[in-house]
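Asker: Counting in my numbering, the sequence shown runs from 328 upward without gaps.
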Amino acid sequence: MGIKHYIDFLETDDGYSFWGILTLAFISGIANTGVLALINMAADAIDVHSTAISTAAVFMILVSVAIGAEAVMIRRTIVTVEFAIHRARCQIIKNLQQCEYIELQAMGRGRLNAIISNNLQTLSASSWNLAISAKMLPLVVGTSAYMLYLSPAAFLVMAITIGLITLFFFRGSAKNGSSLQNPNAEIYDGVAEILSATRESKLNATRARVSSGRFQETSERVRERAAVQEQSMAFQYVFSQASLFLLIGSMIFVVPAISETFGKTVQESTTAILFLIGPVGAIVSSVPLLKSCTRAIDEVIRLQSELERYSARHAAADDALPSDHLNDFREIQLQGLTFSHQRTDTPGGFVVGPLDLTISRGSVTFITGGNGSGKSTLLHLLMTLYPQASGVIAVDGKALVPVEIRAYRQLFSTVLSDFHFSRYLDSLDSADLSELKHWLKRLEVDRLVQVQEGKLSTTDLSTGQKKRVALAVALAEKRPILILDEWAADQDPMFRKKFYREILPVIADGQRTVVAVTHDDAYFDMCDQSIHLRDGQIVSTQEENA
Numbered sequence: 328m329g330i331k332h333y334i335d336f337l338e339t340d341d342g343y344s345f346w347g348i349l350t351l352a353f354i355s356g357i358a359n360t361g362v363l364a365l366i367n368m369a370a371d372a373i374d375v376h377s378t379a380i381s382t383a384a385v386f387m388i389l390v391s392v393a394i395g396a397e398a399v400m401i402r403r404t405i406v407t408v409e410f411a412i413h414r415a416r417c418q419i420i421k422n423l424q425q426c427e428y429i430e431l432q433a434m435g436r437g438r439l440n441a442i443i444s445n446n447l448q449t450l451s452a453s454s455w456n457l458a459i460s461a462k463m464l465p466l467v468v469g470t471s472a473y474m475l476y477l478s479p480a481a482f483l484v485m486a487i488t489i490g491l492i493t494l495f496f497f498r499g500s501a502k503n504g505s506s507l508q509n510p511n512a513e514i515y516d517g518v519a520e521i522l523s524a525t526r527e528s529k530l531n532a533t534r535a536r537v538s539s540g541r542f543q544e545t546s547e548r549v550r551e552r553a554a555v556q557e558q559s560m561a562f563q564y565v566f567s568q569a570s571l572f573l574l575i576g577s578m579i580f581v582v583p584a585i586s587e588t589f590g591k592t593v594q595e596s597t598t599a600i601l602f603l604i605g606p607v608g609a610i611v612s613s614v615p616l617l618k619s620c621t622r623a624i625d626e627v628i629r630l631q632s633e634l635e636r637y638s639a640r641h642a643a644a645d646d647a648l649p650s651d652h653l654n655d656f657r658e659i660q661l662q663g664l665t666f667s668h669q670r671t672d673t674p675g676g677f678v679v680g681p682l683d684l685t686i687s688r689g690s691v692t693f694i695t696g697g698n699g700s701g702k703s704t705l706l707h708l709l710m711t712l713y714p715q716a717s718g719v720i721a722v723d724g725k726a727l728v729p730v731e732i733r734a735y736r737q738l739f740s741t742v743l744s745d746f747h748f749s750r751y752l753d754s755l756d757s758a759d760l761s762e763l764k765h766w767l768k769r770l771e772v773d774r775l776v777q778v779q780e781g782k783l784s785t786t787d788l789s790t791g792q793k794k795r796v797a798l799a800v801a802l803a804e805k806r807p808i809l810i811l812d813e814w815a816a817d818q819d820p821m822f823r824k825k826f827y828r829e830i831l832p833v834i835a836d837g838q839r840t841v842v843a844v845t846h847d848d849a850y851f852d853m854c855d856q857s858i859h860l861r862d863g864q865i866v867s868t869q870e871e872n873a
């Protein structure tokens, strides 16, 4: 299965393929075998000077074919493998973007990073070595055929010996197996946890010690697993090398005892065996590398299949309607919406809803509640980033249907509590940059960060400053609905007051709708309605500016 996946993986749209590489390897290998045969022939006729020039000419032709085919094969292998990796990376990213947020959460960031980075890098690093090994296979076949021509008895001894070596080697390899779980995924998760908790660890020695110990245990498991596999492969390789030297001994001491005619070809046969040691050793040493590559490709293909299953559910509706299909909405209603956070250690999990809520165009809605009350889940349900277990989202009284999901999501700009802050302004075009500069000035960060060549000049800002820049970008997108999750929590008291009293009314003016999670009860008079959640339920809805 793994080899088939490898062959399929290398099939590219520009004509490069595994079979083309194998053809070049075959040409190079056979030419190398011809060089061996020619050397033996020339050694037999060393005193026949009349054939020296013609023999040398044939020798140069064979060497040129062998080296030329090998050079083209190596280049073609590298280009093919890198093209296949590029294609796989782009396809994975495309499918990732088509998957739902909750589906990506379930896959795990560590696993995704390990496959996209580590597994594909394994293929890239191994391409040159595997190209050389591919050449060795036809070389072994050609040399074996030459041995059969020289001495059937020597060929039989050689074939039996190599067959036993191969059987032992692959039986040992099969015992190692191949884990479906990528150990590097555990390493990625462990490193991400350590880096994310840097500040907390500096302030809490116990936490730093425990987290470091946990990572060391993870690293130790991965080390032991890798060491056992590599040591087994190394032992098998050493055994195969020793066996090949025994093969030479059998040519000298065993074959003459069973073949009366072997003495006439002992020099040629021994030369052929010596010539064979390098290729067989290269093939044997490439087996662990090939197993790593096939395992990496299997994991990539499994991920691609998983992503394609997810993305196929949503891709059909991506372009069904124009992105501005719902931009003229007047009202959004959540009707009996529910969602369950499933947990592995409990049968039910935390349930949010049923939620009933109406958000009018141009209104400001504040959402309040304690930690774990369901505020962020409500935002994710509103934006359809979480799929509701029951209930419907209605726009102007009409239930949202699947083909409208993409257009519905284009209504929202966000600054969430765990927002992604990037220097790149991918959501804006050149016409939006003047609007961005306006809001950077209005939010008092224009002296800290500027727009240069379509990018932000720096990302070295405090959390509160990053939130201001993120808000400026969200406003420059000019979407009808703005979602804010604890945006003001990291602002100083003076600017927080300015935001609620001066900036928020300007944002909400012009038919922009604002939905904000907040705990700033001193400014509740600035909203049109406030929603309070407790234990996943809306316990009160209050019209503030009725």
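Each residue gets a CB set at the ideal place from its N, CA and C atoms; glycine is no exception.
1. Determine the DSSP secondary structure at E658, reduced to helix, strand or coil.
2. If you compare alpha carbons, which of R795, T533, Y473 and D759 is closest to V772?
3. With R823 as the anchor, note down where its alpha helix (DSSP H) starts and where it stops.
4. What is the residue span of the beta strand (DSSP E) that T685 lies within?
5. Determine which residues share a DSSP beta bridge with V841 and list them.
6. What does the Cβ neighbour count give for C417, buried or exposed, with the cut at 16 atoms within 10 Å?
7. Just checking my contact of G701 with V719 at CB under 8 angstroms: how many whole Å lie between their CB atoms?
8. Residues in its own chain within less than 7 angstroms of I443 by CB, not counting five upstream and five downstream?
9. Kindly indicate which three-state DSSP category T785 falls into: helix, strand or coil?
10. Around the Cβ of W346, are there at least 16 other Cβ atoms within 10 angstroms (buried) or fewer (exposed)?
11. Does the Cβ of R839 have 16 or more other Cβ atoms within 10 Å, making it buried, or fewer, making it exposed?
12. Taking the straight line between their C-alpha atoms, what separation do you get for S546 and G540?
13. Using the three-state DSSP reduction, which class does T665 fall into: helix, strand or coil?
14. Do D855 and V691 come within 8 angstroms of each other at the CB atom, strictly closer than that value?
15. Keeping to the same chain, check which residues put their C-beta closer than 7 angstroms to that of D723; ignore five residues upstream and five downstream.
16. Answer yes or no: do Q715 and T665 have a C-beta to C-beta separation smaller than 8 angstroms?
17. Should I858 go down as buried or exposed, given a rule of 16 or more other Cβ atoms within 10 Å for buried?
18. In chain order, what residues of the same chain lie with their CB nearer than 6 angstroms to the CB of A273, ignoring the 5 residues before and after it?
19. Please identify the residue among V844, T845, R806 and Q792 whose C-alpha is closest to the C-alpha of F822.
20. To which residues of the same chain is R688 closer than 8 angstroms at the C-beta, ignoring the five residues directly before and after it?
21. What's the gap between the Cα of V627 and the Cα of T407?
22. Can you tell me the Cα-Cα spacing of G504 and V555, whole angstroms?
23. Going by beta carbon distance, what residues of the same chain come within less than 8 angstroms of S506, once the five residues before and after it are set aside?
24. My output table needs one value for H859: the three-state DSSP class, helix, strand or coil.
25. Buried or exposed for L491, going by 16 or more other Cβ atoms inside 10 Å?
26. In angstroms, rounded to a whole number, what distance separates the CA positions of G781 and T695?
27. For V385, which of helix, strand or coil comes out of DSSP?
28. Could you spell out the range, first to last residue, of the beta strand (DSSP E) harbouring V742?
29. Here's the rule: buried if 16 or more other CB atoms are within 10 angstroms of the residue's CB, otherwise exposed. What is D683?
30. I'd like to check one pair, A396 with L464: are the Cβ atoms closer than 8 angstroms?
31. Roughly how many angstroms separate the alpha carbons of D756 and T533, rounded to a whole number?
32. Give the straight-line distance between the Cα atoms of L763 and D817, rounded to the nearest whole angstrom.
33. Measuring alpha carbon to alpha carbon, tell me which residue in I412, R636 and T470 is nearest F353.
34. Could you name the residues of the same chain whose beta carbon sits closer than 6 angstroms to that of I575, not counting the 5 residues immediately before and after it, in chain order?
35. Following the continuous beta strand (DSSP E) through A721, name the residue where it begins and the one where it ends.
36. Can you tell me the Cα-Cα spacing of Q660 and L802, whole angstroms?
Answerer: Here's the rundown:
1. strand
2. R795
3. P820 to K825
4. F677 to S687
5. V691 and L809
6. exposed
7. 18 angstroms between Cβ atoms; not a contact.
8. R416 and I419
9. coil
10. exposed
11. buried
12. 10 angstroms
13. strand
14. yes
15. F656, R657 and E658
16. yes
17. buried
18. Here the chain comprises residues numbered 328 to 873, so residue 273 is not present and cannot be evaluated.
19. Q792
20. F656, R657, E658, P807, Q838 and T840
21. 17 angstroms
22. Its pLDDT being 49, under 50, G504 is placed unreliably by the model, and nothing is read from it.
23. With a pLDDT of only 46 at S506, under the threshold of 50, the placement of this residue in the model should not be trusted; the figure read from the coordinates follows. R552, listed in sequence order.
24. strand
25. exposed
26. 37 angstroms
27. helix
28. F739 to V742
29. exposed
30. no
31. 48 angstroms
32. 21 angstroms
33. T470
34. I600
35. S717 to V722
36. 23 angstroms
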